[in-house]
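A.B. asks:
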Amino acid sequence: MSKKIKKIGVMTSGGDAPGMNAAIRSVVRTCAFHEIECVGIYRGYEGMIEGDFKILNARSVNHIINKGGTFLKSARSKEFRTKEGRQKACLQIKSVGIDALVLIGGDGTFTGGMIFNNEFNFPIIGIPGTIDNDIFGTNFTLGYDTALNTVVEAIDKIRDTASSHKRLFFVEVMGRDVGHIALNAGVGAGAEEILIPEEDLGLDRLLESLRRSKDSGKSSSLVVVAEGDKIGKNVFELKDYVEQNLPDYEVRVSVLGHMQRGGSPSCFDRVLASRMGVKAVESLLEGKSNYMVGILDNKIELTPLEKAIKGKSKIDLELLRVSDIMTT
Ligand code: F6P
10 MSKKIKKIGV
20 MTSGGDAPGM
30 NAAIRSVVRT
40 CAFHEIECVG
50 IYRGYEGMIE
60 GDFKILNARS
70 VNHIINKGGT
80 FLKSARSKEF
90 RTKEGRQKAC
100 LQIKSVGIDA
110 LVLIGGDGTF
120 TGGMIFNNEF
130 NFPIIGIPGT
140 IDNDIFGTNF
150 TLGYDTALNT
160 VVEAIDKIRD
170 TASSHKRLFF
180 VEVMGRDVGH
190 IALNAGVGAG
200 AEEILIPEED
210 LGLDRLLESL
220 RRSKDSGKSS
230 SLVVVAEGDK
240 IGKNVFELKD
250 YVEQNLPDYE
260 VRVSVLGHMQ
270 RGGSPSCFDR
280 VLASRMGVKA
290 VESLLEGKSN
300 YMVGILDNKI
310 ELTPLEKAIK
320 GKSKIDLELL
330 RVSDIMTT
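Next up, the structure:
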């Protein structure tokens, strides 16, 4: 018989993502609804080791659903990778009577949580919070939809100046080693080419495609490049390479960077966060552990954390084909 859960700890870890605050809010309010206590753990595993905690109630999370980032802060903790560090963390959460944990983050967060659970038997449930959308077991991670809209808006602005000056722009987007942001935002922004790690376009095909664009009368072009792309040249080297091989192109580069992680979460991410927070808390109260909450075909489902960590999110081949056709 699993121990009755009376106090749940919640934390955010890894790269922040829009919607994390909405998820924290949902966890706290679901605890309040079930009349159990909730403890905010600041700065992820680093704060857990240091005992950086604060009791949270339904009022503590007023007016945060629309705020980007995470008010519990986030950090990457080297010490938590050591048994001694995890031992300290265990003593800290036991000292305040935390019985279970909701971990909001990416695969690195879940891996640490799994090890912690195996060593100290703390029930844990994960909520996938990362703009990369690279976690198996969910169609959408928290922050991905907001990041897509941020990127499309930025590319629309770049297109204004690209067409005014008849220039080619290479726009680098985030996504770590997957191409979901690049592919979806690229199609959404009408990019002429999209370079993603999952499909090696190759330099020759890139030049050929750009030549074709020019010949078809396109006076400006946008190439969206996933930061993990494997074409073998970074966006600045691609600029030089294209200028050398296609002299009639004037080329510029724009690296969008960390602005993709900010901004007020979209309605989709706020609703997703609210649904995931409820599922996470109620799964713990039902005695479940070592699962990640995800959305699959618009249903909130649980995936064993082990599978979520080991699995790989796949690129949508149908969308890849759409993207090829749209660049005609
Ligand atoms: O995982 C989210 C993410 O934004 C990736 O897309 C990016 O590669 C990475 O984090 C950047 O990490 P940091 O914020 O530590 O520079």
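The sequence shown begins at 10 in this note's numbering and counts up one residue at a time. Just so it is clear, CB atoms sit at the ideal spot from N, CA and C, and this is done for glycine as well. Quick caveat: nothing in here was measured; it's all calculated off a predicted structure.
#1: Examine the Cβ distances between the segment 166-179 and the segment 309-318 and report whether three or more of them are shorter than 8 Å.
#2: Which runs of the alpha helix (DSSP H), 4 residues or longer, sit entirely within the segment 172-249?
#3: Got a sec, what are the start and stop residues for the beta strand (DSSP E) Y300 sits in?
#4: DSSP state of V105, grouped into three classes?
#5: Which of the three DSSP states is assigned to K63 in this structure?
#6: Between T139 and the ligand F6P, is there a pair consisting of the residue's CB and a ligand heavy atom that are separated by less than 7 Å?
#7: Is it buried or exposed, Q253, if we count other Cβ atoms within 10 angstroms and call 16 or more buried?
#8: Can you tell me whether E291 is helix, strand or coil according to DSSP?
#9: When DSSP labels each residue in this structure, what does L110 get in the three-state scheme?
#10: When DSSP builds the beta bridges, which residues end up paired with M20?
#11: For the segment 321-328 against the segment 56-75, do three or more pairs of beta-carbon atoms, one drawn from each stretch, fall closer than 8 Å, so that the two count as touching?
#12: Using 10 angstroms around the beta-carbon of D213, count the other beta-carbons present and answer buried if the total reaches 16, otherwise exposed.
#13: Should V244 go down as buried or exposed, given a rule of 16 or more other Cβ atoms within 10 Å for buried?
#14: Tell me where the alpha helix (DSSP H) around T39 begins and ends.
#15: Quick check: the Cα distance between K87 and L81, rounded to an integer number of angstroms?
#16: Could you tell me whether the Cβ atoms of R270 and A26 are closer together than 8 Å?
#17: Taking L314 as part of the alpha helix (DSSP H), name the residues at either end of that continuous run.
#18: In three-state DSSP terms, what is K323?
#19: Three or more C-beta pairs closer than 8 Å, one from the segment 227-244 and one from the segment 194-205: is that the case here?
#20: What separation, rounded to the nearest whole angstrom, lies between the Cα atoms of R85 and D61?
#21: Answer yes if the segment 12-28 comes into contact with the segment 96-113, meaning at least three C-beta pairs across the two stretches below 8 Å, and no otherwise.
#22: How should K248 be labelled, buried or exposed, when 16 other C-beta atoms within 10 angstroms of its C-beta is the threshold for buried?
#23: Can you list, in chain order, the residues of its chain whose CB lies under 8 Å from that of A191, leaving out five sequence neighbours each side?
#24: Is it right to say L151 is buried, meaning 16 or more other beta carbons lie within 10 angstroms of its own, or is it exposed?
#25: Could you pull out every residue in the same chain whose Cβ sits closer than 7 Å to the Cβ of S283, ignoring the five residues on either side in sequence?
#26: Report all residues from its chain with a CB closer than 6 Å to the CB of A200; omit the five preceding and five following residues, and keep chain order.
#27: According to DSSP, simplified to helix, strand and coil, what is I124?
#28: Using CA coordinates, which residue listed in L210, G211, R261 is at the minimum distance from S229?
#29: Given that a residue counts as buried once 16 or more other Cβ atoms are within 10 Å of its Cβ, and exposed if not, what is F149?
#30: May I ask you to report which of helix, strand or coil DSSP gives R261?
C.D. replies: Put simply:
#1: no
#2: 189-197, 212-224
#3: 300-305
#4: coil
#5: strand
#6: yes
#7: exposed
#8: helix
#9: strand
#10: I50, L112
#11: no
#12: exposed
#13: buried
#14: 29-42
#15: 19 Å
#16: yes
#17: 314-319
#18: coil
#19: yes
#20: 15 Å
#21: yes
#22: buried
#23: V182, G184, I203, L204, I205, V233, V234, A235, D238
#24: buried
#25: A31, S35
#26: L231, V233
#27: helix
#28: R261
#29: buried
#30: strand
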